[in-house]
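Counting in our numbering, the sequence shown runs from 31 upward without gaps.
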Amino acid sequence: MKRLTWWRVLALMLAIVVSLVGAGCGDDSNDSGSSSSVATLEKGTLKVGSNIPFPPFEFGKAPYQGFDVDLVNEISKRLDLKAEFIKTPFAAIFRDLGQGRFDMVASASTITPQREKSVDFSYPYFPANQSLMVKKGSDIQSANDLAGKTVGAKLATTGAAYAKDETDAKTVRTYDQIDDAFDALQAGQVDAVINDFPTSQYATRARKDLVVVGEIPTGEQYGFGFKKGNDGLRNAVNKELDKVKADGTYTKIYRKWLQTDPPESILKPGTGGSAASGTEPVK
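This is the structure we're talking about:
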């Protein structure tokens, strides 16, 4: 009887040990998405979700080009990684991030308190306001002139939210891509477009019949998005982001795409320009 009891105790102890080891392995597996470091990224590739096109930040055909693309490629190189951009609709981009389709988001995405509840952001890397675009010769010169008008904007963006909530526009038409909104403006289907200032200003280079008549101060800042809790990757990106700001690389990229110098506020370590507006939904 004593011998049988001893074997039962030994079997129980072994079972407990196996259970604890298994639980430890299970925890490591389950936490891989939330605590992954740069070293654990698959085959040295940094998968980046991006809503394309949104010039001058991301556009063209693979391999893509733009401000975000250049900045992420530079940061990735310094981390001994290769960035792989994955074209994704903006309305689904943070959901896909949470589901592990990619490691981070670089898509001219505004940092807001509401979004920070489900997404971790890098340090701000670009300050941006909204803008009002019209056809040349239009009598619309400010947001105050939009009463009774039809305004175009990109779906699920700050521009769409501003047009709906902050103007007296009669109708707000949203489009999957901002180029579709610009096309509608040129065709006379909308009277104006509200959109991120850098993108609208960039578009006037090719669309000579369109003009940005005003910048709308919303105090937005862009940040790279990470799955909630992925501190290893986010901290590594933040560290390199500060370095590219400090050594002049960021300024070169900014000049390349914006033809002007960046504001001094965005060059400070760990900081950006003016505070985010907190308006939702946003791009």
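Glycine included, each C-beta is placed from N, C-alpha and C at the ideal position.
Every value quoted in this text rests on a predicted model; they were computed, and no experiment measured them.
Local Cβ density within 10 Å of residue i, reported as buried at 16 or more and exposed below that
i: Q251; result: buried
i: N103; result: buried
i: G260; result: Just to set this straight, residue 260 is Asn in the shown sequence, not Gly. N260 is buried by the Cβ-count criterion.
i: S148; result: exposed
i: S295; result: exposed
i: G178; result: exposed
i: G278; result: exposed
i: T290; result: exposed
i: R145; result: buried
i: R125; result: exposed
i: A92; result: exposed
i: N30; result: Any answer about residue 30 is impossible in this case: the structure gives the chain only from 31 up to 313.
Beta-carbon proximity check, residue i vs residue j, cutoff 8 Å
i: T118; j: S152; result: no
i: G244; j: S172; result: yes
i: L71; j: L111; result: yes
i: D209; j: Q160; result: no
i: T197; j: L176; result: yes
i: F212; j: V202; result: no
i: T180; j: D239; result: no
i: L127; j: K165; result: no
i: F84; j: T229; result: yes
i: P299; j: T281; result: no
i: W350; j: G96; result: Coverage of the chain is limited to positions 31 through 313, which leaves residue 350 absent and any answer about it impossible.
i: I246; j: Y284; result: no
Contacting residues, own chain, Cβ-Cβ under 7 Å from residue i (five flanking each side not counted)
i: A121; result: L185 and A186
i: L271; result: I105, S152, Y153 and Y155
Same chain only: Cβ atoms within 8 Å of residue i, ignoring 5 sequence neighbours per side
i: A217; result: none
Spatial distance of residue i from residue j (CA atoms)
i: D206; j: Y94; result: 19 Å
i: D169; j: K258; result: 46 Å
i: I82; j: F115; result: 10 Å
i: M134; j: A236; result: 31 Å
i: L76; j: G167; result: 46 Å
i: K73; j: G182; result: 42 Å
i: K107; j: T142; result: 28 Å
i: G130; j: I123; result: 11 Å
i: K200; j: A190; result: 13 Å
i: V241; j: L263; result: 40 Å
Cβ neighbours of residue i in the same chain (closer than 6 Å, five flanking residues each side left out)
i: A136; result: V78, S80, D98, V102 and F254
i: L297; result: K275
i: Y232; result: P85 and P86
Assumed close pair residue i, residue j - CB separation to whole angstroms, cut-off 8 Å
i: T188; j: T248; result: 6 Å
i: F29; j: D100; result: The structure shown does not extend to residue 29, since the chain spans only 31 to 313, so no value can be given for it.
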